[in-house]
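S.K.: I have a structure here, written as structure tokens, and I will follow up with some questions on it.
2 protein chains.
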Amino acid sequence: MVLNIRGSPSQGFMASNLFKRWYSVVPGSTIPASKRRFVPTSGTYPQGFKVSGTHVGVKASNTSFPDLALVVSDRPCNAAAVFTQNKFQAAPVLVSRANLQAQQSTNMRGVVINAGCANAVTGEGGLKDAKAMVSALGSCLDGENNAESILVMSTGVIGQRLPIDKIISGIPTGYKTLSHSHESWLTAATAICTTDTFPKLLSIKFELPSAPGVTYCLSGMAKGSGMIHPNMATLLGVLATDAPVHQQALSQMLKQSVDRSFNCISVDGDSSTNDTIAIFANGAAGGPQVGVSGQDFDHLSGILLEFSQKLSQLLVRDGEGATKFVRIRVRAARSQQSAKAIASSVARSPLVKTALYGKDANWGRILCAVGYTSGLTPEDVIPSSTSVSMGLPKDQGTVLKLLVNGEPEKVDESKAAELLENEDLEILITLNTGSEEADYWFCDFSHEYVTINGDYRT
Amino acid sequence: MVLNIRGSPSQGFMASNLFKRWYSVVPGSTIPASKRRFVPTSGTYPQGFKVSGTHVGVKASNTSFPDLALVVSDRPCNAAAVFTQNKFQAAPVLVSRANLQAQQSTNMRGVVINAGCANAVTGEGGLKDAKAMVSALGSCLDGENNAESILVMSTGVIGQRLPIDKIISGIPTGYKTLSHSHESWLTAATAICTTDTFPKLLSIKFELPSAPGVTYCLSGMAKGSGMIHPNMATLLGVLATDAPVHQQALSQMLKQSVDRSFNCISVDGDSSTNDTIAIFANGAAGGPQVGVSGQDFDHLSGILLEFSQKLSQLLVRDGEGATKFVRIRVRAARSQQSAKAIASSVARSPLVKTALYGKDANWGRILCAVGYTSGLTPEDVIPSSTSVSMGLPKDQGTVLKLLVNGEPEKVDESKAAELLENEDLEILITLNTGSEEADYWFCDFSHEYVTINGDYRT
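Same order as they appear, the protein sequences are chains C and G.
Going by our numbering, the first residue of the first sequence is number 1, and it counts up by one from there.
Going by our numbering, the first residue of the second sequence is number 459, and it counts up by one from there.
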């Protein structure tokens, strides 16, 4: 099997090198210099899918940036989605869920997304607006109304009604400009951004064991930079593949992947009313259908997991005001659940997050957050067998031991200071109470975070 | 029954006016002007208790401020304590719990407290240090070693050993300066502070139904300004009364009070390794003992609850970098547990906290935090029956309705802006799913919070 990244076809990257590519700035963009490396300059995208990004001005103050994205397949897709678990589910979440159910997750054709207003807590009127959006895109397809074959997502301020007329009139415009090009995917990924500083877009090529010689594509875009925490906090994501995948297989794979990617990141611990990750598989590349088990299923599951992790990590990279990108690895835990809960507790701790911002190797705060994780049994964490270290990702040479079996290490403060100058860090928590593990990604809390969020609505 | 505040004996305040007193600045203090009104200039304290605050220089950088506090009763007390639920319990927590158990919560004589170093995650050496502290104070009493009659508390940086020699030699010095005066109580309350900007000290007089004519005293000091969240986050508290109270009654009352006071406040959602609230009752004022039920028990329970709430609110007032003091009232909930969980979720949300700092009536974030409260059943929160409003404490006239039965209200932004200029605010969340309720107090997240915590250890 060969995993290629399209756009650099001469490079035969293997799976583990999937995302080592030449990122650089999008011409004319306002993307901060430090983030440009995360934006692809080229890509190849799944067959049969076309996308667009259009300016409609959902926010009156937005006079030029695209804020309406369409993703459309030229043929019916199997689809699956994971939605927010917030009790206040936004209108688009309710409509998308109902449509998927009505179509039994087959015969889906695409999604319409707006940024600038979340259409959340907008009562009956908001529900009508979300339905109008899917109807408008549905009407563009094959001259008939396919409203139920369309999903809808919205992101932005809560509690305000959409400027629905602008959006409805923008949808046919967006439909006319649909294209398969890298530029269109990038514009669509830009159109779903809110406080994001760069569009999150990835694409890969892969093969499947049962279809040697057939090259498939998987692409995905996502948005989110604040209010990010499991489960699915103001983050939207759309994945598309031209591989043929059974609906149940798709649903199962997506859930598994999201659990270990989009549900393992935290920017600020807030979960939103609108979060949705959807995947579409239209089978346009041919080959036998991937079923609910077997070699192809396992293979594609692995690819989807790695892809989802990379895509979700871009959200952490763009965490509001973030200056650090930190992976927590919890190891030797009694259960996967407790490992994830512990990682999440550390990732949410304002004291840990501000210490990282202040470049302070304050392991006491890390340990403290481990200790107050809710729902732990006495057997999950045993102080005298807990170890904590900090280091650079994939570099065993620079590991800084902070606590070994419950006893503090003498920390070389100059070595610690040097380590903490790095943007990318890793925290390793070894519990020695079992053999399960979890990975988690988060960012720091900075002055900038407070500025952005003290000032967002105005 | 008359509840008097000593120091202003001519004022016959009733219970509800308990804390309306003339606070003003302590001469020569460095307390910020805005906080001076929270520091009492006089008080009367329970008989038989003496206290002191001594400078020992736990932190080498502290060359003059008191950082060792002693509270000693001249006779044996019944006592009770509530400890942190963090898995990593500091040495002083372990020693205090063991001593209480050894003495069956009777025959207790006092507590020794240091600030500047938490003696947490310090292994066997730390345990030895904590034991040395109780032995040192125990040895001062009546010329014999009463180590087990003493509790110990520490607060400060985690993972560093105490400068134990300094502390041990400071204890007899502190013992020699023990006194019953207001000034000594204030110095002791100052000695337990870390990042606190003002000492938290309260005292009241009360009577009991079974002992008309006997005037009792209850006083308390507490510390904590960051890392505060249930259960019992780096907060220390010592309460003392000269009423005679059965040990079991004391334990039960303390638990009930803490659940609705110190466990209903949040500064940043972090719970520490050291939190302890202890109460001592020495019976020095005479009268019949308060038992585990009956009129006296109910009466004293009510007093202790109100006292604990007022004392715990001072911690929120001093929240690191706080500019707002906010009470959340959750009403008409299905259970007290769900009401408290919802209030806690809102109080922890960085997005709600930064919005308050930014003076933004962003009810969407409040609702969102209600919606992602963990552990709720579908019956606990029904979007279409949820209402949210904001206002000033105890002032129905300025209530700003934000959401009524799930439908957003048209908010007068100028009225909202005016309201949010106030330091003291109230958020009312009415669920209409039951008849239970909970109150909760928290503060905002400011740039200053990030500055303080990005920079604390250095």
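We treat Cβ as the ideally placed atom computed from N, Cα and C, and that holds for glycine.
From the DSSP output, in three-state form, read off residue 689 of chain G for me.
M.R.: Any reading at residue 689 of chain G needs caution, since the residue's pLDDT is 34, under 50, leaving its predicted position unreliable; the model's value is listed next. Coil.
S.K.: Quick one: what's got a C-beta closer than 7 angstroms to residue 882 of chain G's C-beta in the same chain, skipping five residues either side?
M.R.: 783, 850, 851.
S.K.: Considering just the uninterrupted stretch of the beta strand (DSSP E) at residue 557 of chain G, what are its terminal residues?
M.R.: Taken as a continuous stretch (DSSP letters only), residue 557 of chain G belongs to no beta strand (DSSP E), being part of the alpha helix (DSSP H) at 549 to 560.
S.K.: Taking DSSP as the reference, what is the three-state secondary structure of residue 601 of chain G?
M.R.: Helix, per DSSP.
S.K.: Taking 7 angstroms as the threshold (beta carbon to beta carbon), is residue 826 of chain G in contact with chain C?
M.R.: Closer than 7 angstroms to some Cβ of chain C, the Cβ of residue 826 of chain G qualifies, so yes.
S.K.: Helix, strand or coil: which one does DSSP assign to residue 819 of chain G?
M.R.: Correct three-state label for residue 819 of chain G: coil.
S.K.: Can you say whether residue 855 of chain G is buried or exposed, counting buried as having 16 or more other CB atoms within 10 angstroms of its CB?
M.R.: Exposed: under 16 other Cβ atoms inside 10 Å.
S.K.: Is residue 212 of chain C buried or exposed, if buried means 16 or more other CB atoms sit within 10 Å of its CB?
M.R.: Flag for residue 212 of chain C reads exposed.
S.K.: Starting from residue 414 of chain C, follow the beta strand (DSSP E) in both directions and report where the run begins and ends.
M.R.: Residue 414 of chain C -> not in any beta strand (DSSP E); alpha helix (DSSP H) instead, spanning 413 to 419.
S.K.: Between which two residues does the beta strand (DSSP E) carrying residue 78 of chain C extend?
M.R.: Counting along the chain, the beta strand (DSSP E) containing residue 78 of chain C begins and ends at 68 to 83.
S.K.: Can you check whether the C-beta of residue 586 of chain G is within less than 7 angstroms of a C-beta belonging to chain C?
M.R.: By this cut-off, residue 586 of chain G is not an interface position.
S.K.: Could you tell me which chain C residues have their CB closer than 7 angstroms to the CB of residue 858 of chain G, listed as they occur along the chain?
M.R.: Per Cβ cutoff of 7 angstroms: no residues; residue 858 of chain G is ~14 angstroms from chain C at best.
S.K.: Using a Cβ-Cβ cut-off of less than 7 angstroms, give me the residues of the region 146 to 160 of chain C that come near chain G, in sequence order.
M.R.: Residues passing the 7 angstroms Cβ filter: 157, 158, 159.
S.K.: So what does residue 866 of chain G bridge to, in DSSP terms?
M.R.: G:861.
S.K.: What are the residues in the region 831 to 842 of chain G lying within 7 angstroms of chain C by C-beta distance?
M.R.: Answer set for the region 831 to 842 of chain G: 834, 839, 841.
S.K.: Using the Cα positions of residue 551 of chain G and residue 576 of chain G, report the straight-line distance between them to the nearest angstrom.
M.R.: Rounded to the nearest angstrom, the two C-alpha atoms are 10 angstroms apart.
S.K.: Is the Cβ-Cβ distance between residue 343 of chain C and residue 280 of chain C less than 7 angstroms?
M.R.: Result no, Cβ atoms of residue 343 of chain C and residue 280 of chain C do not sit closer than 7 angstroms.
S.K.: Pick from C:286, C:251, C:321: whose alpha carbon is nearest that of residue 292 of chain C?
M.R.: Among C:286, C:251, C:321, the Cα nearest to that of residue 292 of chain C belongs to C:251.
S.K.: Could you give the uninterrupted runs of the alpha helix (DSSP H) lying entirely in the region 244 to 310 of chain C, keeping only those of 4 residues or more?
M.R.: Taking only runs of at least 4 residues, the alpha helix (DSSP H) segments lying wholly in the region 244 to 310 of chain C are 247 to 259.
S.K.: Less than 7 angstroms separating the beta-carbons of residue 898 of chain G and residue 722 of chain G?
M.R.: Cβ atoms of residue 898 of chain G and residue 722 of chain G: closer than 7 angstroms.
S.K.: On the criterion of 16 or more Cβ atoms from any shown chain inside 10 Å, does residue 155 of chain C qualify as buried, or is it exposed?
M.R.: Buried is the call here.
S.K.: Residue 22 of chain C by DSSP, collapsed to three states: which one?
M.R.: With a pLDDT of 25 at residue 22 of chain C, under the threshold of 50, the modelled position of this residue cannot be trusted, and the question is left open.
S.K.: In this structure, does DSSP put residue 217 of chain C in helix, strand or coil?
M.R.: Looking at residue 217 of chain C - three-state DSSP - the assignment turns out to be strand.
S.K.: Nearest to residue 83 of chain C by CA position, among C:276, C:442, C:204, is which residue?
M.R.: Among C:276, C:442, C:204, the Cα nearest to that of residue 83 of chain C belongs to C:276.
S.K.: Should residue 273 of chain C be flagged as near chain G, meaning a C-beta pair shorter than 7 angstroms?
M.R.: Yes, residue 273 of chain C lies at the interface with chain G (some Cβ there is under 7 angstroms from its Cβ).
S.K.: Taking the alpha carbon of residue 411 of chain C as the point to measure from, which residue in C:360, C:337, C:97, C:330 has its own alpha carbon closest?
M.R.: Ranking C:360, C:337, C:97, C:330 by Cα distance to residue 411 of chain C puts C:360 first.
S.K.: Check the C-beta distance from residue 191 of chain C over to residue 66 of chain C and give it rounded, since I have them as a contact under 8 angstroms.
M.R.: Confirmed, about 4 angstroms.
S.K.: Does residue 199 of chain C pass the burial test, meaning 16 or more other C-beta atoms within 10 Å, or should it be called exposed?
M.R.: With 16 or more other Cβ atoms within 10 Å, it is buried.
S.K.: Pick from G:863, G:563, G:534, G:572: whose alpha carbon is nearest that of residue 549 of chain G?
M.R.: Among G:863, G:563, G:534, G:572, the Cα nearest to that of residue 549 of chain G belongs to G:572.
S.K.: Which residue comes first and which comes last in the beta strand (DSSP E) that contains residue 186 of chain C?
M.R.: No beta strand (DSSP E) holds residue 186 of chain C; the alpha helix (DSSP H) holding it covers 182 to 191.
S.K.: Figure out for me which residue from G:588, G:609, G:776, G:547 has the closest Cα to the Cα of residue 494 of chain G.
M.R.: Checked all of G:588, G:609, G:776, G:547; the closest Cα to residue 494 of chain G is G:776.
S.K.: Please list, in chain order, the chain C residues whose beta carbon lies closer than 7 angstroms to that of residue 821 of chain G.
M.R.: Residues of chain C passing the Cβ test: 159.
S.K.: For the alpha helix (DSSP H) containing residue 908 of chain G, list its first residue and its last residue.
M.R.: It spans 905 to 911 - the alpha helix (DSSP H) in which residue 908 of chain G sits, taken as one unbroken run.
S.K.: Does the distance from the C-beta atom of residue 266 of chain C to that of residue 347 of chain C stay below 7 angstroms?
M.R.: In contact: residue 266 of chain C and residue 347 of chain C (Cβ atoms closer than 7 angstroms).
S.K.: Let me see if you follow: with CB-CB separation under 7 angstroms, is residue 581 of chain G close to chain C or not?
M.R.: Yes, because at least one Cβ of chain C sits closer than 7 angstroms to the Cβ of residue 581 of chain G.
S.K.: Can you give the Cα-Cα distance for residue 496 of chain G and residue 864 of chain G, rounded to whole angstroms?
M.R.: For residue 496 of chain G and residue 864 of chain G, the distance between alpha carbons rounds to 39 angstroms.
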